[in-house]
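Residues in the sequence shown are numbered from 925 upward in steps of one, following our numbering.
As structure tokens, the structure follows; a few thoughts come after it.
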Amino acid sequence: MNNPSKSKSGPPIVGVSKNIERVRELIEHVASTGLNTVVFGESGVGKEVVAQNLYQKSPRLGKPFIKINCAALPEGLLESELFGYERGAFTGAEQRKKGKFQLAHSGVLLLDEIGDMSLPLQAKLLHVLQSGGEFSPLGSEKDVKADTWVIAATNHDLKKDIEEGRFREDLYYRLNIIKIYLSPLRERPEDIPPLIDFYIKEYASMLNNRHIEKPGAKVIDRLCTYSWPGNVRELQNVLKRMLVLGDCGQIVEELFNSERIVSPTSGADDKLNHHASLSKILDLGGKNSPENQSFSLKTAKKNAVEMVEREIISHVLGKTDWNRSKASKILKISYKTLLYKISDLNIIPPEK
Ligand SMILES: Nc1ncnc2c1ncn2[C@@H]1O[C@H](COP(=O)(O)OP(=O)(O)OP(=O)(O)O)[C@@H](O)[C@H]1O
Ligand SMILES: [Mg+2]
């Protein structure tokens, strides 16, 4: 739950494109209305920033702002998180628990990744919205009523999901009274220089303005032609790498090289890559999808951490020409820990 102090600003929405100007305009118009709103756009494009702005410019500021990710929880758990339950409603329900819908009373409930909500739960949500916020928690005989402003966000094309039977049309029209669409960053390259400017300043002050190499005009021009599949979040990561590691030119080259590997592929290939790394993390031997096998979450977490560590350490070692002392300083770990990790993670130096 987030209860920021009463300011009327919201996190900054940086940009000069028509799309961003329109989004700012819509926020100003919609914030006071409390009308159900859906924010559409690819991952990392700023949907949550828009939801936060709607909240912070609305009369609901100061009341709860609660976010729930509909893709992150299995159906049963999502239902109990949303609507709450009575003691004894199911095995393990030892205490009565309020749902997020009720906790967000008089404030905002952000239903993130609404496109991933199951059809039965969509039906229940529709019913709640139609009844003006009335519902009964699991295992309860009594109805509760909550005055909750529902803002939904999705990276799905919900119209297509409706055609394919994955999203209820009636819920779509109930939720989508106001539609706010954020274009992918590649379709508004004019926003890239102001975003770079904004985040360089922010990160430089976070790094206490210590000696850092800022991207020059040439690098910025190149960044404006990149496809940014991860949108603003990816741009933030690239800028952090540039500021910490320096050598902006090299980082740009690597970016475009990775684009060459990734971009000609279809969505199907992306899925394959995703499944390959998922199966590595889950230790499935690359054979099967996680739904069909059992796996240990603990082991999966350990594998995921190792994969990320291996990637970062290899990257920094590559940058420092395998100067372990320099690399350990950049990574902020001791020289001894780095040596241990190189051996433990089986990171092999390139042949000269
Ligand atoms: N126009 C913008 N100006 C400044 N920062 C932005 C802008 N758009 C996005 N960001 C920043 O980019 C990051 C990603 O934004 P956000 O989390 O809102 O994306 P999202 O669309 O909700 O992504 P996802 O689909 O992955 O949840 C955040 O740190 C956010 O502050
Ligand atoms: Mg989000």
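Even for Gly, the Cβ is constructed at its ideal location relative to N, Cα and C.
Distance CB(residue i)-CB(residue j) smaller than 8 Å
| i | j | result |
| --- | --- | --- |
| E1137 | G1170 | yes |
| G1154 | S1030 | no |
| E1058 | K1048 | no |
| F1007 | L1050 | no |
| F1025 | T961 | no |
| S956 | P983 | yes |
| P1139 | I1116 | no |
| I937 | R1112 | no |
| L978 | I951 | yes |
| Y1123 | Q1160 | yes |
| I1266 | I1236 | no |
| Y1150 | L1131 | no |
| A975 | I1102 | no |
| L1255 | V1240 | yes |
| L1043 | R1092 | yes |
| D1333 | I992 | As shown, the chain starts at 925 and ends at 1276. That puts residue 1333 outside it, with no answer to give. |
Host alpha helix (DSSP H) of residue i (start-end)
| i | result |
| --- | --- |
| K1164 | N1155 to L1169 |
| Y1097 | E1093 to L1099 |
| Y979 | K971 to Q980 |
| V938 | Neither: V938 is in no alpha helix (DSSP H) and is coded neither H nor E. |
| D1121 | I1116 to M1130 |
| Y1264 | Y1259 to D1268 |
| I1272 | No alpha helix (DSSP H) contains I1272, which DSSP labels as neither H nor E. |
| A1290 | Summary: the structure shown does not reach residue 1290, with the chain confined to residues 925 through 1276, and so no result is reported for it. |
| I1086 | L1082 to E1087 |
| A1141 | A1141 to L1147 |
| A1047 | L1043 to Q1054 |
| K1024 | K1024 to L1027 |
Straight-line Cα distance separating residue j from residue i
| i | j | result |
| --- | --- | --- |
| E1065 | A1013 | 11 Å |
| V1232 | L1269 | 11 Å |
| I1271 | W1152 | 29 Å |
| H953 | E1183 | 38 Å |
| L1034 | I990 | 6 Å |
| M1041 | E999 | 8 Å |
| C994 | T1078 | 10 Å |
| L1099 | L1002 | 18 Å |
| E949 | K942 | 10 Å |
| P928 | Q980 | Note that P928 scores a pLDDT of 40, beneath 50, so its modelled location is shaky; the value from the coordinates is reported in the next line. Roughly 9 Å between the two C-alpha positions. |
| D1245 | C1148 | 29 Å |
| A996 | L1053 | 22 Å |
| R1146 | V1168 | 19 Å |
| L1263 | A1228 | 20 Å |
| Y1259 | Q1046 | 53 Å |
| D872 | S1004 | In the structure displayed, the chain extends from 925 to 1276; residue 872 sits before or after that span and is not available. |
| D1081 | R1157 | 21 Å |
| E1010 | K1021 | 7 Å |
| K1243 | N1181 | 16 Å |
Residue i Cβ short of 7 Å to ligand 2 heavy atom set
| i | result |
| --- | --- |
| A1077 | yes |
| D1245 | no |
| E972 | yes |
| D1040 | no |
| D1036 | yes |
Distance cut-off 7 Å: residue i Cβ against heavy atoms of ligand 1
| i | result |
| --- | --- |
| R1157 | yes |
| P1044 | no |
| S1055 | no |
| V1240 | no |
| F1122 | yes |
| L1119 | yes |
| G968 | yes |
| Q1019 | no |
| I937 | yes |
Residue range of the unbroken beta strand (DSSP E) whose run includes residue i
| i | result |
| --- | --- |
| L1034 | V1032 to D1036 |
| F989 | F989 to N993 |
| A955 | No beta strand (DSSP E) holds A955; DSSP gives it neither H nor E. |
| F964 | T961 to F964 |
| K1253 | That residue, K1253, is in no beta strand (DSSP E); its alpha helix (DSSP H) goes R1248 to L1255. |
| K1103 | I1102 to Y1105 |
| A1077 | W1073 to T1078 |
Any C-beta of chain C under 8 Å from that of residue i
| i | result |
| --- | --- |
| A1047 | Structure shown: chain C not included; a single protein chain is present. |
Do three or more CB pairs link the region 1098-1115 to the region 962-974 at distances below 8 Å? Yes: the two stretches touch, three or more of their Cβ pairs being nearer than 8 Å.
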